[in-house]
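K.L.:
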Amino acid sequence: RKEVEQDPGPFNVPEGATVAFNCTYSNSASQSFFWYRQDCRKEPKLLMSVYSSGNEDGRFTAQLNRASQYISLLIRDSKLSDSATYLCVVMGNDMRFGAGTRLTVKP
Amino acid sequence: EAGVVQSPRYKIIEKKQPVAFWCNPISGHNTLYWYRQNLGQGPELLIRYENEEAVDDSQLPKDRFSAERLKGVDSTLKIQPAELGDSAVYLCASSDVGEQYFGPGTRLTVT
Chain A
1 RKEVEQDPGP FNVPEGATVA FNCTYSNSAS QSFFWYRQDC RKEPKLLMSV
51 YSSGNEDGRF TAQLNRASQY ISLLIRDSKL SDSATYLCVV MGNDMRFGAG
101 TRLTVKP
Chain B
1 EAGVVQSPRY KIIEKKQPVA FWCNPISGHN TLYWYRQNLG QGPELLIRYE
51 NEEAVDDSQL PKDRFSAERL KGVDSTLKIQ PAELGDSAVY LCASSDVGEQ
101 YFGPGTRLTV T
C-alpha cells in the first residue's frame, strides 16, 4: 500500500462546478498536511496547508480527519484556470507526495 | 526574491553515461531536497539536506546516485552510470520553515 493515495482522476467538470478530491495516508504519526498544485510541465506550488480544524481560502476548502487518516480539498465555482494536477502531501519524518489528481475545467 | 534555480533545464544522454544536476536554493533556506518525478506520479524524495548534512537519503539509489552540498548552499546530484529507467524530471526544493519552494526541474532523457 502506498503511503499517500489519491484518486488519479481525471476529473472533467464544467465551469462553476464544485469538485472534491480525497487523499488517504498510512502513517498515523504524520504531523503536517498540504495541498500542492502542479501545472503541466511546471513545478509544484503550495496551494494551502491543511489544519485540524479545517481551513478555507476563497473558493478552496481543506479538511483533515486524523482518525480516518483522510484529507480532502473542495473547490467551489470552478474556473478554467483551476485546471491542473492537485498533489496531496503528508509530512512526518519526511515529505510524501501522492500521485496527484488531475482536474480539467471546461467552458 | 530569486527562486530556486536549477540547471540544466533539459538533458539528453545515452545510457551508461554520467550526468550531473545543479541546484541553488533560495537564499537563507537551510533545508534542500532532491526529488525525482516520473510521468503521472508525484515527486519522490531522493535526499534531504539540513545545511550540509544529508539527514534523509534512504530513497537514494546509492549504487549509482550521489549528491553533495559542500558549503550548505548549492547542491549537485549525480548519476553514474545512467540507466534508461532514470528518465524523469529531477526537482530541487528548499525550505526555511514549512512550505517547500520548488525549482523548475531538470528533465532527463536517457536513450
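Here the protein sequences line up with chains A and B, keeping their order.
Its first residue numbered 1, the first sequence is counted upward by one per residue in our numbering.
Its first residue numbered 1, the second sequence is counted upward by one per residue in our numbering.
We treat Cβ as the ideally placed atom computed from N, Cα and C, and that holds for glycine.
Being a predicted model, the structure only gives us computed values, none of them experimental.
Run the CB neighbour count on A:P44, radius 10 Å, all protein chains shown included, and call it buried at 16 or more, exposed below.
P.N.:
Here residue 44 of chain A refers to the residue found at position 44 of the first sequence. By the neighbour-count rule (16 or more Cβ atoms within 10 Å), A:P44 is buried.
K.L.:
Only counting the same chain, and skipping five residues up and downstream in sequence, which positions put a Cβ closer than 7 Å to that of A:L80?
P.N.:
Within the first sequence, the letter at position 80 stands for residue 80 of chain A. Contacts found: E15, V105, P107.
K.L.:
Report the CB separation of A:G98 from A:C40 in whole angstroms; it is logged as a contact under 8 Å.
P.N.:
As a first step, residue 98 of chain A is located in the first sequence; it is residue number 98 there, counting from the start. As a first step, residue 40 of chain A is located in the first sequence; it is residue number 40 there, counting from the start. So it is not a contact: roughly 17 Å between Cβ atoms.
K.L.:
Any beta carbon of chain B sitting closer than 7 Å to that of A:D7?
P.N.:
As a first step, residue 7 of chain A is located in the first sequence; it is residue number 7 there, counting from the start. Not closer than 7 Å to any Cβ of chain B, the Cβ of A:D7 fails to qualify, so no.
K.L.:
Using a C-beta cutoff of 7 Å, does B:L45 count as contacting chain A?
P.N.:
Taking the second sequence and counting its residues from 1, one reaches residue 45 of chain B at position 45. B:L45 counts as touching chain A.
K.L.:
How about A:M48: is its C-beta nearer than 7 Å to some C-beta of chain B?
P.N.:
Along the first sequence, read from residue 1 onward, the residue named residue 48 of chain A stands at position 48. With 7 Å as the cut-off, A:M48 does not count as an interface residue toward chain B.
K.L.:
Under 9 Å between beta-carbons, which chain A residues line up against B:L91? List them in chain order, please.
P.N.:
As a first step, residue 91 of chain B is located in the second sequence; it is residue number 91 there, counting from the start. Going along chain A in sequence order, the residues near B:L91 (Cβ under 9 Å) are E43, P44.
K.L.:
Quick check: the Cα distance between B:K78 and A:V13, rounded to an integer number of angstroms?
P.N.:
On the second sequence, position 78 is the one that residue 78 of chain B refers to. On the first sequence, position 13 is the one that residue 13 of chain A refers to. Between B:K78 and A:V13, the C-alpha separation is close to 42 Å.
K.L.:
Just the Cα atoms here: how many angstroms apart are B:R9 and B:C92?
P.N.:
For the purposes of this step, residue 9 of chain B is taken as residue 9 along the second sequence, with counting starting at 1. For the purposes of this step, residue 92 of chain B is taken as residue 92 along the second sequence, with counting starting at 1. Those two C-alpha atoms are separated by around 12 Å.
K.L.:
Assuming contact is defined by CB atoms lying nearer than 7 Å, are B:T106 and B:Q6 in contact in what I supplied?
P.N.:
As a position in the second sequence, residue 106 of chain B is number 106, starting the count at 1. As a position in the second sequence, residue 6 of chain B is number 6, starting the count at 1. Yes; because the gap between Cβ atoms is below 7 Å, this pair is in contact.
K.L.:
Step through the CB atoms of chain B and report whether any lies within less than 7 Å of the CB of A:F21.
P.N.:
Mapped onto the first sequence, residue 21 of chain A falls at position 21. Answer no: the Cβ-Cβ gap between A:F21 and chain B never drops below 7 Å.
K.L.:
Return yes when the Cβ of B:A82 is within less than 7 Å of the Cβ of B:Q17, no when it is not.
P.N.:
In the second sequence, the residue the question calls residue 17 of chain B occupies position 17. In the second sequence, the residue the question calls residue 82 of chain B occupies position 82. Yes, Cβ-Cβ distance for B:Q17 and B:A82 is below 7 Å.
K.L.:
List, in chain order, every chain A residue whose beta-carbon is nearer than 8 Å to that of B:P104.
P.N.:
As a position in the second sequence, residue 104 of chain B is number 104, starting the count at 1. By Cβ distance, chain A contributes K42, E43.
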